[in-house]
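Engineer: Quick one: this structure, given as structure tokens, is what I'll be asking you about.
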Amino acid sequence: MALAIGAVLWCAFVIASTFLPGGPSWPPVAVYLPGFLIVPVVLHTLFRARSNALLCLAHVPKSVLLVGFAIAVGGWLFSFGAIAGKPGTETLCAVAGLVIVLHVAFGLIGVGMVRTGR
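Everything in the sequence shown is counted per numbering that gives the first Met the number 0, starting at 0 for the first residue and increasing by one.
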């Protein structure tokens, strides 16, 4: 869960930097690191939750679920281009938004797994 939270915060920082007048000061490949970090999160979550992923989501506290849903919707808006930073950063925002959505989804399943003791 810490990995998922860290990746979401990093991608939010990357997206926020695309709105600055100078744009991001690092190469666009910096956003792809959290994209690669989704692989261990997904594999670990799917290995442990298996077919009980929806059951695990049922055990997530409602306030955490609503905050996660709001963050995922924001990432989704960036991932398909409804919101983007300065011109030229559309791909960076799309990748960061997709990474946010995936990390939030599997992070919420992870929270449910912790609460159910799986």
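Glycine included, C-beta positions come from ideal geometry on N, C-alpha and C.
Does the Cβ-Cβ distance between A57 and I108 come in under 8 Å?
Structural biologist: The residue labelled residue 57 in the question sits at position 58 within the sequence shown. The residue labelled residue 108 in the question sits at position 109 within the sequence shown. Against a cut-off of 8 Å, the Cβ pair of I108 and A57 comes out as no contact.
Engineer: Which one of G67, V59, F35 and L45 has the shortest CA to CA distance from V110?
Structural biologist: Here the question's residue 110 lines up with position 111 in the sequence shown. The option with the nearest alpha carbon to V110 is V59.
Engineer: Can you tell me whether DSSP reads T115 as helix, strand or coil?
Structural biologist: Taking the sequence shown and counting its residues from 1, one reaches residue 115 at position 116. Of the three classes helix, strand and coil, the one that applies to T115 here is helix, per DSSP.
Engineer: Could you check where the alpha helix (DSSP H) with L64 kicks off and where it finishes?
Structural biologist: Taking the first residue of the sequence shown as 1, we reach residue 64 at position 65. Its alpha helix (DSSP H) spans residues K61 to S78.
Engineer: In terms of alpha-carbon separation, which member of V72, A52 and I82 lies closest to V113?
Structural biologist: As a first step, residue 113 is located in the sequence shown; it is residue number 114 there, counting from the start. If we check each option's Cα against that of V113, A52 comes out closest.
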